[in-house]
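Below is one structure, written out as structure tokens; the observations come after it.
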Amino acid sequence: MQSGIPAKLPKPTYRVVTVAALVILALSAFSYHRSDFRRPNDEQYMAKSGSEIRIIQDAHKFENADDFLPHFKNITSLKPMLMRQAKSTCTWSKDDDVDFNFGESSGWFLDLTWVLKDMKDKDLSPWRSQWQHAVNAKLVPWSEAAGNFEGRGIVIVGGNGKSLKRVKVLLRQLKRLGTRLPVEIHYFDYEMSSESQEELKEIWPSIFFNDLSGSHNIKETRFNPMFGVHFQLKTAAMVNSRFAEPLLLDSDNIPVIDPDELYESATYKEYGTIFWPDISRTRTNNPIWPITNTRCRMDEFEQESGQLLINKRKFFYHLQLAAWFMDSPENEGRFQSWMLGDKDCYRFAWHALKTKYGRPSRWVTSVGTNNSNGFYCGHTFAQHHPDDGRVAFLHGGLLKTIPKPVMKMQLEEHGGVFQAYKRSPYDHEFAELTTTEIGFDNFDYMDNKPEGTLPASCTHFSKVEPRPLDEIVPGFQETFKEIGGYWMLDENEEE
Numbered sequence: 082m083q084s085g086i087p088a089k090l091p092k093p094t095y096r097v098v099t100v101a102a103l104v105i106l107a108l109s110a111f112s113y114h115r116s117d118f119r120r121p122n123d124e125q126y127m128a129k130s131g132s133e134i135r136i137i138q139d140a141h142k143f144e145n146a147d148d149f150l151p152h153f154k155n156i157t158s159l160k161p162m163l164m165r166q167a168k169s170t171c172t173w174s175k176d177d178d179v180d181f182n183f184g185e186s187s188g189w190f191l192d193l194t195w196v197l198k199d200m201k202d203k204d205l206s207p208w209r210s211q212w213q214h215a216v217n218a219k220l221v222p223w224s225e226a227a228g229n230f231e232g233r234g235i236v237i238v239g240g241n242g243k244s245l246k247r248v249k250v251l252l253r254q255l256k257r258l259g260t261r262l263p264v265e266i267h268y269f270d271y272e273m274s275s276e277s278q279e280e281l282k283e284i285w286p287s288i289f290f291n292d293l294s295g296s297h298n299i300k301e302t303r304f305n306p307m308f309g310v311h312f313q314l315k316t317a318a319m320v321n322s323r324f325a326e327p328l329l330l331d332s333d334n335i336p337v338i339d340p341d342e343l344y345e346s347a348t349y350k351e352y353g354t355i356f357w358p359d360i361s362r363t364r365t366n367n368p369i370w371p372i373t374n375t376r377c378r379m380d381e382f383e384q385e386s387g388q389l390l391i392n393k394r395k396f397f398y399h400l401q402l403a404a405w406f407m408d409s410p411e412n413e414g415r416f417q418s419w420m421l422g423d424k425d426c427y428r429f430a431w432h433a434l435k436t437k438y439g440r441p442s443r444w445v446t447s448v449g450t451n452n453s454n455g456f457y458c459g460h461t462f463a464q465h466h467p468d469d470g471r472v473a474f475l476h477g478g479l480l481k482t483i484p485k486p487v488m489k490m491q492l493e494e495h496g497g498v499f500q501a502y503k504r505s506p507y508d509h510e511f512a513e514l515t516t517t518e519i520g521f522d523n524f525d526y527m528d529n530k531p532e533g534t535l536p537a538s539c540t541h542f543s544k545v546e547p548r549p550l551d552e553i554v555p556g557f558q559e560t561f562k563e564i565g566g567y568w569m570l571d572e573n574e575e576e
């Protein structure tokens, strides 16, 4: 393991490293462990009036967004959950070494004092009241918006520069897979030129474009050009998309199967959603648990929002709450800090609104390079079909941290960067604890490494031996070349 990381900075997830690659990370290793587990039940609390309120356990089966309105009235009348109640259902010990996202200190420009000292219940209440008021008084009625949405399609946020080149790779793969789904690109104002739109149309004729800065949008959003990470654009894109059943894909996410298959999965038909997992857990004392009146879950990972499928006919209000978490001025960015951008806003919107969501039966698989010195570097997450566990997506969140000379070397000497995978033996058992690490590849195995070459960020499952990627995604090394995945090696491309 290559480290040298200060111990007091919070550990970022895969998603945060994607956004802030090469910012100092805190490494940690965790062990396989079988935990006694009983899923918490949020079914019943006492209302403030003292009368009993029973939460509908199968609210996800409602057919129409407005069917949820009486349900929302009930859940926003629940007696506030105390921090000790929220924590009580996660019984990990200090010796369990659970992979939590935040380290035991403040950092990353976030106030993380809550990590070391639980927020007081009186300080939680105003934040809870804010989202409850938003649900009851500030959401756009479904009846006013329903006519704007129809059909199924893929939603991508990305308008210029390198994101545009990644979008082209994604579109070429969709063409190769033969999908019939249309695509909708969301951008903000000047981000995408008419010339760029024409280039994308040449690859994928069934394409639409939406400027998120326009007054026509149902959900307005903010954009600060001085800040390079715009999580709020993804939630705004999902709310504003013309599709009634949008599949959100990050621009660096490559489908391995026809995405149309996901709509026919038993999981999606049951829940109307598919949320894919990340590698870290949510801290037991994260304020978001009691603020959403949710008991801590030992069988949940944080959400990895590089792919996301939602039926808006059912969950239009849920999506609006997720977007409110991201960019409502009144919440001062606090919800973003507790959920690390948009990655967990969907999961906790569903928790807040006491609605079950669909998830794949298999946990994430790490995909990357297996180098000559035996050092494995995972740069991509393989995410799986919700029912049968086939690889459905390869989300290359850390691929962008590999320097150009190293990418070139891997392509010339090893055929590419998609060489191996690591998969937990407990990947069907979400309550298990698995050894995961986030670290660096310094390329010490590389002959004639250029001076000043920056390290790449990696994920590892250190107690798992790497295996050839062809076992689970045959031929992807060649596929990635065919669809133009190595565009960054163009001699005119800046690093």
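In my numbering, each number is its position in the sequence shown, counted from 1, plus 81.
Using N, Cα and C, we set each Cβ at its ideal position, and we do this for glycine too.
Check	Outcome
Tell me whether Pro336 sits in a helix, a strand or coil according to DSSP, three-state version.	strand
Where do the ends of the beta strand (DSSP E) carrying Trp357 lie?	Thr354 to Pro358
Using the three-state DSSP reduction, which class does Ala102 fall into: helix, strand or coil?	Confidence in Ala102 is poor, its pLDDT being 39 and thus under 50, which makes the residue's placement unreliable; the coordinate value appears in the next sentence. The answer is coil: DSSP assigns Ala102 none of H, G, I, E or B.
Could you check whether Arg323 and Asn291 sit closer than 9 Å to each other, using their CB atoms as the reference points?	yes
Can you give the Cα-Cα distance for Asn321 and Lys300, rounded to whole angstroms?	6 Å
Tell me the DSSP secondary structure of Ala463 in three-state form.	strand
How about Phe578 and Pro358: do their beta carbons lie closer than 9 Å?	Residue 578 is absent from the structure shown; the chain starts at 82 and stops at 576.
Indicate the three-state DSSP secondary structure (helix, strand or coil) for His541 in the structure shown.	strand
Would you call Gly455 buried or exposed, if buried means 16 or more other Cβ atoms sit within 10 Å of its Cβ?	exposed
For Thr354, which residues in the same chain have their Cβ closer than 6 Å to its Cβ, ignoring the five residues on either side in sequence?	Ile391, Tyr438 and Gly439
Taking the alpha-carbon positions, what's the Tyr457 to Ile372 distance?	39 Å
When burial is assigned at 16 or more other CB atoms within 10 Å of the CB, is Glu276 buried or exposed?	exposed
From what residue to what residue does the alpha helix (DSSP H) around Ala404 run?	Lys393 to Asp408
Taking 9 Å as the cut-off, decide whether the C-beta atoms of Ser447 and Ala473 are in contact.	no
When DSSP labels each residue in this structure, what does Pro486 get in the three-state scheme?	helix
What residue from Ser538, Ala501, Ala433 and Lys435 has the CA that sits closest to Glu484's CA?	Strictly speaking, residue 484 in this sequence is Pro, with Glu absent from that position. Measuring from the Cα of Pro484, the nearest candidate turns out to be Ser538.
Let me know the secondary structure DSSP gives Asp522 once reduced to three states.	strand
Which residue comes first and which comes last in the alpha helix (DSSP H) that contains Phe429?	Cys426 to Ala433
Looking at the unbroken alpha helix (DSSP H) that takes in Arg233, where does it start and where does it end?	Arg233 -> not in any alpha helix (DSSP H); beta strand (DSSP E) instead, spanning Arg233 to Val238.
Assess contact between the segment 192–208 and the segment 388–406, defined as three or more Cβ pairs (one per stretch) separated by less than 8 Å. Is contact present?	no
Tell me which same chain residues have a C-beta within less than 6 Å of the C-beta of Pro263, skipping the five on either side of it?	Gly234 and Ser287
So the alpha helix (DSSP H) Leu258 belongs to, where does it begin and stop?	Gly242 to Leu258
Does the Cβ of Pro506 have 16 or more other Cβ atoms within 10 Å, making it buried, or fewer, making it exposed?	exposed
Is it true that the segment 325–336 meets the segment 377–392, where meeting means three or more beta-carbon pairs spaced less than 8 Å apart?	yes
Skipping 5 residues on each side, what residues in its chain have a beta carbon closer than 6 Å to that of Ile564?	Val250, Arg253 and Gln254
Using only CA atoms, which one of Glu383, Cys426 and Leu535 lies nearest to Asp408?	Cys426
Can you tell which of Thr365, Thr316 and His399 has its C-alpha closest to the C-alpha of Leu220?	His399
Would you give the residue range spanned by the alpha helix (DSSP H) that Thr194 belongs to?	Thr194 to Leu197
Roughly how many whole angstroms lie between the Cα atoms of Ala167 and Leu281?	47 Å
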